[in-house]
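Counting from 1 along the sequence shown, just add 1 to a position and that's the residue number in the working numbering.
All C-beta atoms, glycine included, are put in the ideal place defined by N, C-alpha and C.
Heads up: the structure comes next, in structure tokens.
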Amino acid sequence: MKPTSTKVKRKTLSSEIDALIFDLDDTLFDTNGQLVQPATRESVAAMIEMGLKASFDDALAQRAVFFQQAPRLDIQERLVGHFGVQEGSDADAVEEAGRLAFYQRNVESHITLFEGCYDLLALAKTRFQLFLVTSGSPSTQRQKVDLLGIEPFFTDMTFVNSGNGETKKDAFLQLTERHQLNAPRVLVVGDRIDREISAANQLGMWTCQIARGEYRHLKVTSASESADIVCAHVTELIGWLGLNKSKGTAAHRLRQDDKSSTLGGLR
Ligand SMILES: [Mg+2]
């Protein structure tokens, strides 16, 4: 059972949980480095094309300033408010063009998981049930999962359509019901304190924040945004969950899996 206000004990954590729910972006792979930077440039270009009254370089620089200052605010709306739009252009359409270019794009085929993540997932799968809950545009997220080849690691995956108002909290609840999971024996792993960490804490689940990615500078604004564990890299979970101690066994199982090709194609 998750303690209410005590420090997490590394030694016993693995015996406290049955299942891990992973976020995808900036948790298992470097979305910020591999996808967000190009998407940001395309988004700014699309807004200018639709009538934002700014040069590309100015808009890009201002976008970075706004995001650093207030990552929770709507960045397209702020850019339109700051620069205005060309005569005859529609402000809403300019904002929407920026959003679409940012969120609904084809994913480059060269994306890869963070170093060590395939090993982490393979080791974790030998001890726990693994789930993936990722939000954004479901078709884009699905594309990422396919390109990364990670589906076989997960018992179930949920694609939360954030554009339709769906939430990770609802997705966590549905998963616990569908798979008869006991919320206090679930560990949620993600980078967003205002999304998966907050939702999981509210449901009494264990939480691990991966402090990286474009939202790493978010400040905690409520108790529910404070994670039980904070890691600089998701592979630190190997130590937290004692997976390294069973390395020999896990490696042996992996080799068996390789033979039966369950995981062989993933590495
Ligand atoms: Mg994320």
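message: In this structure, how does DSSP classify Val81 when only helix, strand and coil are distinguished?
response: In the sequence shown, counting from the first residue as 1, residue 81 sits at position 80. Helix.
- prompt: Among Trp207, Arg196 and Asp171, which has the Cα closest to the Cα of Pro185?
  reply: The residue given as residue 185 occupies position 184 in the sequence shown. Comparing Cα-Cα distances from Pro185 to each of Trp207, Arg196 and Asp171, the minimum goes to Trp207.
message: For a test of your reading of the model: does the CB of Asp27 fall under 7 Å from any non-hydrogen atom of ligand 1? Yes or no.
response: Within the sequence shown, numbered from 1, the residue matching residue 27 stands at position 26. Correct: Asp27 has its Cβ closer than 7 Å to ligand 1.
- prompt: Which value, in whole angstroms, describes the spacing of the CA atoms of Ser199 and Thr177?
  reply: Here residue 199 refers to the residue found at position 198 when the sequence shown is read from its first residue. Here residue 177 refers to the residue found at position 176 when the sequence shown is read from its first residue. Their Cα atoms are separated by approximately 17 Å.
- request: Can you tell me which of the three DSSP states Ala189 falls into?
  value: Within the sequence shown, numbered from 1, the residue matching residue 189 stands at position 188. It should be pointed out that residue 189 corresponds to Val in this sequence rather than to Ala. Of the three classes helix, strand and coil, the one that applies to Val189 here is strand, per DSSP.
- request: With hydrogens ignored, establish whether the beta-carbon of Asp192 is closer than 7 Å to any heavy atom of ligand 1.
  value: Taking the sequence shown and counting its residues from 1, the one referred to as residue 192 is at position 191. Under cutoff, so the answer is yes.
field: Sufficient close CB pairs (3 or more, under 8 Å) joining the stretch 122-130 to the stretch 77-93
entry: no
query: CB Phe155 to CB Phe132, shorter than 8 Å?
result: In the sequence shown, the residue the question calls residue 155 occupies position 154. In the sequence shown, the residue the question calls residue 132 occupies position 131. Cβ distance < 8 Å, so Phe155 and Phe132 count as in contact.
task: Please report the Cβ distance between Val189 and Leu29, rounded to the nearest whole angstrom; I am assuming they are in contact, meaning their Cβ atoms lie under 8 Å.
output: Indexing the sequence shown from 1 puts residue 189 at position 188. Indexing the sequence shown from 1 puts residue 29 at position 28. 13 Å between Cβ atoms; not a contact.
- prompt: Is the beta carbon of Asp192 sitting closer than 8 Å to the one on Gln210?
  reply: Numbered from its first residue, the sequence shown carries residue 192 at position 191. Numbered from its first residue, the sequence shown carries residue 210 at position 209. Yes, Cβ-Cβ distance for Asp192 and Gln210 is below 8 Å.
message: Taking the beta strand (DSSP E) that Asn162 belongs to, which residues open and close that run?
response: Locating residue 162 in the sequence shown gives position 161, where the first residue counts as 1. Run containing Asn162: Asp157 to Asn162, per the beta strand (DSSP E) assignment.
field: Simplified DSSP state of Ser136, which is helix, strand or coil
entry: Within the sequence shown, numbered from 1, the residue matching residue 136 stands at position 135. Correct three-state label for Ser136: strand.
message: Tell me the rounded alpha-carbon separation between Met158 and Glu152.
response: As a first step, residue 158 is located in the sequence shown; it is residue number 157 there, counting from the start. As a first step, residue 152 is located in the sequence shown; it is residue number 151 there, counting from the start. Distance between the alpha carbons of Met158 and Glu152 is about 8 Å.
message: Bridge partners for Cys295 per DSSP, in chain order?
response: Since the first residue of the chain shown is 2 and the last is 268, residue 295 is not available in this structure.
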